[in-house]
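K.L.:
Protein chains in written order, with my numbering: chain A, 258 to 502; chain B, 286 to 1341.
Listed below in structure tokens is the structure:
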């Protein structure tokens, strides 16, 4: 099979979306009772579970504590059954470590850590099924979990990947597109202020195109934030009905 | 809103394991239908199917895969390709077939659209458990057809065509208005009159049937899979390149040219030899192949002996050059199969293979192509016809490729057939302009004369009154695309030079049908007796042509030059309105410059006083122009401009009379004057567009030649005691100027000819695709160059005009309405034009050879004076020499040794005869030893040859040269101006052809189809002056034909 056509002449992508269309996003908050906050999020066929503990005292060595803000501890892992071929090692490999670091950086920018000095917030994310855009799905799921835990944030953090094909930015890449040799960019955004929490790209791209690509990514993130906002409001409504307020 | 479904696929992973893959699949309600009948406001933004058809046709996946050629007929309208079918083709037939569909869909001349049926909520069908892929595809296509019918509210019938007879039975009565029939029924019911389609169908289906009954014995090794090839090339284990089969030894010698392909650096310089057909492994001339080098011990050399092309296996070990890298083909990256012209072999007696008789090995016209096996029942009827075929496949079990016939060209040997053969062999496809294209053209008829648009007058700079504009062209030229003006300003301190070029882009809008057609043709094709225009005649000969005394739109470049230093003060580019005052021809202009009295036709009616004033004005302008051109020329000469041809023309003026006679035109200075102005305009336009669009300007570069190609030239020159320096263009030009043998002017001519052969070709390119130091034009010694001055006959100039317009707009702050072509698109266009130019030149050369053959065919070589001519030896081979016949501009081999091992022996009076003996080759001469003694032939010796025609059933006729004396040939004929000889030649051949044509028309009742074709393709039957000039030019420049860079000035000079 000679090179998949990622964007047809009529503007359809492999899975039938148009260039700027996102995959279907579905989410639930408060899936576990034991943790302080939890959320489950599906973006197309990528499914992630996020759990938040904290803020609590620093565990382990005390020396890590910061006197003016909370430490954020992230751990990313992929279920062994999340990919087409069974994974040997669910976490701790280089990719996961890097992803954990990225998540940590993202949430340090979003969570109001200065409210909790000398404490720690743990965010655990697990990919249950992987179909592209793992980082952004993790960020979106973790945002919901953090909100569920009641930890104040500056804004939702929404993330999205964008690829560049035939001079057109493609929003929210699926696995087939990601592996098709597209130069892709992941962006985490605080949508209300338009601040970028994290931007990551490790492919070659002409400088002239970067602006359009970032522009498209920001639009996509705003789209995601709308969905997340709805999920949160829905959840709150349900909770308030339950508690009878 | 979108609906999401999951699709489960089973794919193979890279390690060969089966993997379950889940993919999402989104469906939507609104999918564009691209029909003008649409009631639901679909977003039909591109090509739309017309509503006035009787039906729309939806081909099944199998039909698209196997019968795409039939769907390519432009007569078939209203084709709806489904996404399912296209994807199936992409999977089963590969990218090439798929891109053919895409081109079809993009081409506005074809009435077909793509419907994304798998993304439409109601036409999508999920594949059921246990359903075979073919069945599922058919079901999808059918459901798309039903959707179409319902979507268009039943206003038009839908016909689905399939080769699956079960499907016909199952679906045909399911829905009224949606018919399911087979391809054969479809063609018979709807396109009964389209004979060509029917023929194609039967030949295709036959070829398909044959394919199923293949034997299984393996003749060739299998090709490696694409991934292995890709990885191998990357790691440097394999080498990728274009396979080029040797013209002289097509059976067992081919080389893979690696130049221009991304190979890892290896020790292989530029080509890899591929020796026999086993190691060629089913690759055909022109394919991009991947080769593996053989161990050094198996390397072989090229055969250096002259053989007669029939590929007779010689015991050639001792005749080989030193071993070259040799390899074998392990895989094919891309097939570049085109249409081939073939003839059927003679049926030997009646002992034909009775049962297999419909499978025939046909012999291609091009020797480099292997025999093609086709199935046909018409073989007997078409015994001596030429037929167009296409190759379908070449399995490893088959010795020869399988193909099918497409159409019949005509009887071999007839002029029309041969000309069509030449066109097809060069992939030149020139149909007459279609009605839709002609409808786009402005009208200029006596009833409705075309006039200048007042809105345009306001937009353009009006030079009608302010400038004296004139054109200088050959006599009788009708497509004038350049005019000149010159005047002095500021009391003679400043000279204003102007070049005004026909504004073709005003009439040919980007993306219009005419533009597309012009892009496909890329150039006007000049054959020996006719031409095929790039633009319709109303533009090329009338509205775009800058004729005298009428208002015309132009694109102008105006320079303000310092009158003394000729430094450029200011350049102005823009659209103008001009009225050419004088339409001069070269001879007239030269007479005016010489100060002789002559009648200018434009002034004939005026009285004497006014006439004198006007004449003085014109002469002054011409003199000024000459002054400027001389200066420009000198400037370029200092930079090292190579003017092989220009020098040659001058040299002939100084030398003996009989050589001058070779060139029909007097090489006048005014030719050069005009050419120089055009080069200057091209150069400045190149500068402008390159500066404005650094990454997407179309320029023309002429890469420096490779040193090793000069070795033959240097050796030959050394034989005469000349040294040729090839370090730079200036050194080469100087040393060629010195290499003049006073006794024999032909020596210099031949040396220049060899130098020209060594040159690389000038090429169009997009500036973004090359580093800046590659922009250099070697021949002209200019850092940037492009083509701007002949938009009527070259598409590149049209592109450059558009770029220049955009550049001017940008300067004036106007945002261009349409985005410019990107670097990628432009590079693609440039490659296309380069390819077409090469094809045009080859076709021109072949047609000239054809005419030469036809001329000599009529003559008996033993008796006719014409067939004996003087020839000069310019190269030595193992068993013969290569000679050039100046009288006819023919070059070819002369054998010193024939099949019976006899050699040429020279008798007492110089007469040559065949005697048994031996041949010995030395660096600068060849000696034959026989009973009559030893005789030798040196480089640049003049000998007498007899020209005869070597006829061949399957291939083009070729001229055969036999040495009859080792003395120069002197006869009354050779003193006669050659131009006449050639004019005679063309006229005579055309006359013969016309007689034949008349006879053919008399027989028209028996062969109506053939004469119809003849009428269709023959644009100009009688040789007008234009084509004659063209012919003469071609012959005069035979030696320059490989180097476009030089001949284009001559084109500027002679053609316009």
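The C-beta atom is built at its ideal place from N, Cα and C for all residues, glycine as well.
1) Counting Cβ pairs closer than 8 Å, one from the region 822-839 of chain B and one from the region 785-795 of chain B, do we hit at least three?
2) Indicate whether residue 404(B) and residue 311(B) have their beta-carbon atoms separated by less than 8 Å.
3) Is residue 968(B) helix, strand or coil when you go by DSSP?
4) Excluding the five sequence neighbours on either side, which residues of its own chain have a C-beta within less than 6 Å of the C-beta of residue 1141(B), listed in chain order?
5) Under 8 Å, with one C-beta from each stretch per pair, do the region 387-399 of chain B and the region 355-373 of chain B reach the 3-pair mark?
6) Determine the burial state of residue 1265(B): buried for a count of at least 16 other Cβ atoms within 10 Å of its Cβ, exposed for fewer.
7) Are at least three pairs of beta-carbons, each pair with one atom in the region 434-449 of chain A and one in the region 372-379 of chain A, less than 8 Å apart?
8) Of all the CB atoms in chain B, is at least one closer than 8 Å to the CB of residue 274(A)?
9) Taking only the alpha-carbon atoms, compute the straight-line gap between residue 675(B) and residue 1066(B) and give it to the nearest angstrom.
10) Between the region 410-434 of chain A and chain B, which residues of the former have a C-beta closer than 9 Å to a C-beta of the latter?
11) If I measure Cβ to Cβ from residue 908(B) and keep anything under 7 Å in the same chain, skipping five residues before and after, which residues do I get?
12) For a contact defined as C-beta to C-beta under 7 Å, what are the partners of residue 307(B) on chain A?
13) Would you kindly check if the distance between the Cβ of residue 1132(B) and the Cβ of residue 807(B) is under 8 Å?
14) When DSSP labels each residue in this structure, what does residue 746(B) get in the three-state scheme?
15) List the whole-angstrom C-beta distance separating residue 485(A) from residue 305(A), where the pair is believed to meet the contact cut-off of C-beta under 8 Å.
16) Kindly indicate if chain A contains any beta-carbon less than 8 Å away from that of residue 358(B).
17) Distance, Cα to Cα, residue 410(A) vs residue 367(A)?
18) If we require 3 or more residues per run, which beta strand (DSSP E) segments fall completely within the region 1138-1162 of chain B?
19) Please tell me whether residue 867(B) has its Cβ less than 8 Å away from any Cβ of chain A.
20) On the criterion of 16 or more Cβ atoms from any shown chain inside 10 Å, does residue 847(B) qualify as buried, or is it exposed?
21) Rounding to the nearest angstrom, what Cα-Cα distance links residue 840(B) and residue 860(B) in this structure?
22) If you run the structure through DSSP and keep just helix, strand and coil, what is residue 452(A)?
23) Restricting to Cα atoms, I'd like to know which of 383(A), 320(A), 308(A) is closest to residue 293(A).
24) What does a CB cutoff of less than 6 Å around residue 433(A) pick up in its chain, not counting 5 residues either side in sequence?
25) How long is the line joining the alpha carbons of residue 1048(B) and residue 1116(B), rounded to whole angstroms?
26) At what residue ranges does the region 403-477 of chain A contain a whole run of the beta strand (DSSP E), taking only runs of 3 or more?
27) Taking residue 432(B) as the reference, which of 411(B), 453(B), 402(B) has the closest Cα?
28) Please confirm whether residue 1353(B) has its beta-carbon closer than 8 Å to some beta-carbon of chain A.
29) Between residue 304(B) and chain A, is any beta-carbon pair separated by less than 8 Å?
30) Checking 8 Å against the spacing of the C-beta atoms, do residue 538(B) and residue 588(B) come in under that value?
31) Any idea which residues DSSP pairs residue 1239(B) with across the strands?
32) Measuring straight from C-alpha to C-alpha, what distance separates residue 969(B) and residue 778(B)?
33) Tell me which residues share the same chain as residue 492(A) and place their Cβ nearer than 8 Å to its Cβ, disregarding the 5 neighbours each side in the sequence.
34) Answer yes or no: do residue 454(A) and residue 340(A) have a C-beta to C-beta separation smaller than 8 Å?
35) Label residue 1175(B) either buried or exposed according to how many other C-beta atoms from any shown protein chain fall within 10 Å of its C-beta, with 16 as the threshold for buried.
36) Can you give me the Cβ contacts of residue 486(B) inside the same chain, cut-off strictly under 8 Å, excluding the 5 residues immediately before and after it?
P.N.:
Checking against the coordinates, here is how it stands:
1) With a cut-off of 8 Å, the region 785-795 of chain B and the region 822-839 of chain B count as touching, because enough Cβ pairs lie within range.
2) In this structure, residue 311(B) lies closer than 8 Å to residue 404(B) by Cβ.
3) Here residue 968(B) sits in helix by DSSP.
4) Contacts found: 1232, 1234.
5) Contact holds: three or more Cβ-Cβ distances are below 8 Å.
6) Here the model assigns residue 1265(B) a pLDDT of 41, short of 50, so the residue's position is not dependable, and the following value carries that caveat. Classification for residue 1265(B): exposed.
7) Segments in contact, no.
8) Flagged as an interface residue toward chain B: residue 274(A), by a C-beta distance shorter than 8 Å.
9) When rounded, the distance between both Cα atoms is 44 Å.
10) Contacts with chain B (Cβ-Cβ distance below 9 Å) from the region 410-434 of chain A involve 424, 431, 432, 433, listed in chain order.
11) When the five nearest sequence neighbours on each side are left out, the beta carbons in the same chain lying within less than 7 Å of the beta carbon of residue 908(B) are those of 878, in order along the chain.
12) What residue 307(B) touches in chain A: 302.
13) Not a contact, by the Cβ cut-off of 8 Å.
14) Strand at residue 746(B).
15) Approximately 13 Å separates the beta-carbon atoms of residue 485(A) and residue 305(A); this is outside 8 Å, ruling out the contact.
16) No, residue 358(B) does not count as interfacial toward chain A.
17) Those two C-alpha atoms are separated by around 6 Å.
18) Runs found: 1153-1161.
19) So, not an interface residue.
20) Label assigned to residue 847(B): exposed.
21) In this structure, the alpha-carbon of residue 840(B) lies about 5 Å from that of residue 860(B).
22) If DSSP states are grouped into helix, strand and coil, residue 452(A) belongs with the strands.
23) Cα-wise, what sits closest to residue 293(A) is 308(A).
24) Cβ neighbours of residue 433(A) beyond the five flanking positions: 271.
25) Distance between the alpha carbons of residue 1048(B) and residue 1116(B): 8 Å.
26) Here the runs fully enclosed are 415-422, 425-428, 440-447, 452-457.
27) It is 402(B) whose Cα lies nearest to the Cα of residue 432(B).
28) Outside the shown range of chain B (286 to 1341) lies residue 1353(B), about which nothing can therefore be said.
29) With its beta carbon less than 8 Å from one in chain A, residue 304(B) belongs to the interface.
30) Between residue 538(B) and residue 588(B), the C-beta gap is smaller than 8 Å, which places the two residues in contact.
31) Note: residue 1239(B) is not bridge-paired with any residue in the DSSP secondary-structure output.
32) Taking the straight line joining both Cα atoms gives about 22 Å.
33) Excluding sequence neighbours, residue 492(A) sits near 285, 286, 287, 405.
34) Inclusion of residue 454(A) and residue 340(A) in the CB contact set at 8 Å is not warranted, their separation being larger than that value.
35) It counts as buried.
36) For residue 486(B), where only same-chain residues beyond five positions count, the Cβ hits under 8 Å are 352, 355, 468, 469, 472.
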